[in-house]
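Numbering (the numbering used here), first residue to last: 177 to 275. Ideal placement from N, C-alpha and C gives every residue a C-beta, glycine not left out. Worksheet for the structure shown next.
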């Protein structure tokens with residue numbers, strides 16, 4: 177009887193401990209941000225993850241992503257609606273600026 181209670185306690189603690197270790201899957205996408213970029217801290221944190229262009233478009237669908245070699249107009253946008261990205265060798269976004 178005593179060993180059954182001890183075993184049940186150990187199992188309960190293990191399950192509770194593992195529940196706290198859950199993380200999102202590697203393929204999980206962040207919730208899309210509607211509109212233009214206003215939260216620069218969150219945006220910089222997102223860029224620090226080195227997203228792919230597709231991940232960027234999924235996370236910020238209203239922001240025009242300009243990749244190296246793309247032709248765009250020269251108008252100045254002051255509302256963080258167009259991001260010119262810098263890519264690494266794997267094609268991931270490592271930085272850039274708003275234009």
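Buried or exposed for residue i, going by 16 or more other Cβ atoms inside 10 Å?
i           : result
residue 227 : buried
residue 239 : buried
If you follow the alpha helix (DSSP H) that residue i is in, where does it begin and where does it stop?
i           : result
residue 212 : From DSSP, residue 212 is part of no alpha helix (DSSP H); its letter is neither H nor E.
Quick check on DSSP: helix, strand or coil for residue i?
i           : result
residue 270 : strand
residue 234 : helix
residue 224 : coil
So, are the CB atoms of residue i and residue j less than 9 Å apart?
i           : j           : result
residue 272 : residue 261 : yes
residue 231 : residue 253 : no
Quick one: give me the first and last residue of the beta strand (DSSP E) that residue i is part of.
i           : result
residue 253 : That residue, residue 253, is in no beta strand (DSSP E); it is neither H nor E in DSSP.
residue 261 : 258-263
residue 241 : 240-242
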